[in-house]
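Protein chains in written order, with my numbering: chain A, 1 to 215; chain B, 1 to 215.
Right, dumping it as structure tokens:
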């Protein structure tokens, strides 16, 4: 398809597509004349992914490029590639911070949690995983503010997260090629975070209404 | 206690506490001399809440003040007060946007989901609830990018969210006064969002490792 059709089918303006091409977020099309190029379904898919990262995930262009580099690295085995791609996505509103002495008590809680939840991969990776560092930081804040957050307390959350993850990976496996799976994993990570957070708040309101409402 | 002890016990500098007092995020202490005031446990608790909102939730001072106003409004019944306080907390990285014609298909999906999940309070409130608007926007992005997101697909997430919410409200009920419950609800909403998101990503990695890892 031509640029104009790519724009129509993706809902992304031709100016924005050209910008993504210049920024190497989108691979060039196949040149047909000196001024025209042909694009295919893989461009359309990539364009959707770029939109998810930039518009919903609010990633800067440079970070988006890094995530895409991991997505495209087919020298890795499938699990490593999935991991690398998802790890390259920063957590909303927070770069995963470094661990210091100050974070040690929080780290012990997280390590106990991983043991209780029997997350062997998580235990192997430890602070290499930005989500681990993010979790340690969140637990540290809870400790500092003296809110409940021991490992027993966090375990139900870990179990619920496993429930979500199993559903999500089932869905991924139903998709086409490994490359498409990695692309979808990255997009779904970003696109489902607001879904999860808004549903949690709505479920709280629901439960609060059931228990406390006077009407 | 004096300002210096409040600072020591909370880990917040006296300069920052004075700033919060000036900004009316913290109620004034009881004046004992012209230049000294006494603070009590309620100041300590409020200070922890303000830190959670500003430092972890990254709320601006004006928004924090609004959240606290809802927390302190004891003219409301308990459920309404909980709701008002939590609704005043913006969703991370995103103000809940207005609904337009464009969001209509997404709204239908969300309404079907609320019916399937039997969330009667959510159905009553509809777009009055910022989390509802946030969810509609997230679904609209998924639709636009052609990722799976019909109501059946979202239902497992809603069920998991209910599991989390029941645990959380159980915990709230174990706390002291209604005012303390509202304060804790607001703090936990903010402090547990990064916990939930990091655990989801870790659980994904775990499940991916189980299924795809070559070692």
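Think of the CB as a built atom: it goes at the ideal place given N, C-alpha and C, for glycine as much as any other residue.
Flag this pair as yes or no: are the beta carbons of residue i and residue j separated by less than 8 Å?
{"i": "residue 209 (chain B)", "j": "residue 134 (chain A)", "result": "no"}
{"i": "residue 184 (chain B)", "j": "residue 139 (chain B)", "result": "no"}
{"i": "residue 142 (chain B)", "j": "residue 113 (chain B)", "result": "no"}
{"i": "residue 54 (chain A)", "j": "residue 186 (chain A)", "result": "no"}
{"i": "residue 127 (chain A)", "j": "residue 99 (chain A)", "result": "yes"}
{"i": "residue 56 (chain B)", "j": "residue 196 (chain B)", "result": "no"}
{"i": "residue 123 (chain B)", "j": "residue 131 (chain A)", "result": "no"}
{"i": "residue 217 (chain B)", "j": "residue 67 (chain B)", "result": "A query on residue 217 (chain B) cannot be resolved here, the shown segment of chain B reaching from 1 to 215 and no further."}
{"i": "residue 103 (chain B)", "j": "residue 136 (chain B)", "result": "yes"}
{"i": "residue 169 (chain A)", "j": "residue 204 (chain B)", "result": "yes"}
{"i": "residue 79 (chain A)", "j": "residue 213 (chain B)", "result": "yes"}
{"i": "residue 255 (chain A)", "j": "residue 207 (chain B)", "result": "Because chain A spans 1 through 215 in this model, residue 255 (chain A) falls outside it and cannot be assessed."}
{"i": "residue 36 (chain A)", "j": "residue 2 (chain A)", "result": "yes"}
{"i": "residue 23 (chain A)", "j": "residue 61 (chain A)", "result": "yes"}
Who are residue i's beta bridge partners in DSSP?
{"i": "residue 31 (chain B)", "result": "B:37"}
Taking the alpha-carbon positions, what's the residue i to residue j distance?
{"i": "residue 151 (chain A)", "j": "residue 116 (chain A)", "result": "8 Å"}
{"i": "residue 121 (chain A)", "j": "residue 163 (chain A)", "result": "17 Å"}
{"i": "residue 25 (chain B)", "j": "residue 63 (chain B)", "result": "10 Å"}
{"i": "residue 108 (chain A)", "j": "residue 144 (chain A)", "result": "15 Å"}
{"i": "residue 59 (chain A)", "j": "residue 52 (chain A)", "result": "9 Å"}
{"i": "residue 14 (chain A)", "j": "residue 167 (chain B)", "result": "48 Å"}
{"i": "residue 39 (chain B)", "j": "residue 47 (chain B)", "result": "11 Å"}
{"i": "residue 172 (chain B)", "j": "residue 71 (chain B)", "result": "14 Å"}
{"i": "residue 7 (chain A)", "j": "residue 33 (chain A)", "result": "19 Å"}
{"i": "residue 69 (chain A)", "j": "residue 178 (chain A)", "result": "15 Å"}
{"i": "residue 44 (chain A)", "j": "residue 85 (chain A)", "result": "19 Å"}
{"i": "residue 181 (chain A)", "j": "residue 174 (chain A)", "result": "9 Å"}
{"i": "residue 129 (chain A)", "j": "residue 30 (chain B)", "result": "48 Å"}
{"i": "residue 161 (chain B)", "j": "residue 73 (chain B)", "result": "27 Å"}
{"i": "residue 194 (chain B)", "j": "residue 87 (chain B)", "result": "18 Å"}
{"i": "residue 111 (chain A)", "j": "residue 65 (chain B)", "result": "36 Å"}
{"i": "residue 4 (chain B)", "j": "residue 12 (chain B)", "result": "10 Å"}
{"i": "residue 28 (chain B)", "j": "residue 176 (chain B)", "result": "23 Å"}
{"i": "residue 42 (chain A)", "j": "residue 147 (chain B)", "result": "15 Å"}
{"i": "residue 211 (chain B)", "j": "residue 125 (chain A)", "result": "17 Å"}
{"i": "residue 77 (chain A)", "j": "residue 119 (chain B)", "result": "42 Å"}
{"i": "residue 156 (chain B)", "j": "residue 149 (chain B)", "result": "11 Å"}
Residue i lies in the alpha helix (DSSP H); which residues open and close that run?
{"i": "residue 9 (chain A)", "result": "3 to 10"}
{"i": "residue 60 (chain A)", "result": "Careful: residue 60 (chain A) lies outside any alpha helix (DSSP H) and carries neither H nor E."}
{"i": "residue 26 (chain B)", "result": "Run containing residue 26 (chain B): none; DSSP gives neither H nor E here."}
{"i": "residue 109 (chain B)", "result": "104 to 116"}
{"i": "residue 87 (chain B)", "result": "78 to 87"}
{"i": "residue 152 (chain A)", "result": "151 to 173"}
{"i": "residue 52 (chain B)", "result": "Taken as a continuous stretch (DSSP letters only), residue 52 (chain B) belongs to no alpha helix (DSSP H), as it is neither H nor E."}
{"i": "residue 148 (chain A)", "result": "No alpha helix (DSSP H) holds residue 148 (chain A); DSSP gives it neither H nor E."}
{"i": "residue 217 (chain B)", "result": "Outside the displayed span of chain B (1 to 215) sits residue 217 (chain B), for which this structure offers no information."}
{"i": "residue 282 (chain B)", "result": "In the structure displayed, chain B extends from 1 to 215; residue 282 (chain B) sits before or after that span and is not available."}
Looking at the ligand COA, does it come within less than 7 Å of residue i, judged from the CB to the closest heavy atom?
{"i": "residue 155 (chain B)", "result": "The ligand COA is absent from the structure shown, which contains no ligand whatsoever."}
* Name the residues in the segment 194 to 213 of chain B whose C-beta lies less than 7 Å from a C-beta of chain A; which are they? -> 194, 195, 196, 197, 198, 199, 200, 201, 202, 203, 204, 205, 206, 207, 208, 209, 211, 212, 213
* Using Cβ-Cβ distances below 7 Å, what residues of the segment 24 to 47 of chain B are close to chain A? -> none
* **Contact list for the segment 138 to 162 of chain A against chain B, Cβ threshold 9 Å** => 138, 139, 141, 142, 144, 145, 146, 147, 148, 149, 153, 154, 156, 157, 158, 159, 160, 161, 162
* chain A contacts made by the segment 51 to 62 of chain B, where a contact means CB separation under 8 Å -> 51, 52, 55, 56, 58
* To do: Taking a Cβ distance cut-off of 8 Å, strictly less, list which residues of the segment 176 to 195 of chain A are near chain B, in chain order.
  => 184, 185, 187, 188, 189, 191, 192, 193, 194, 195
* Interface positions of the segment 75 to 86 of chain A facing chain B (Cβ-Cβ less than 7 Å), listed along the chain -> 77, 78, 79, 82, 83, 86
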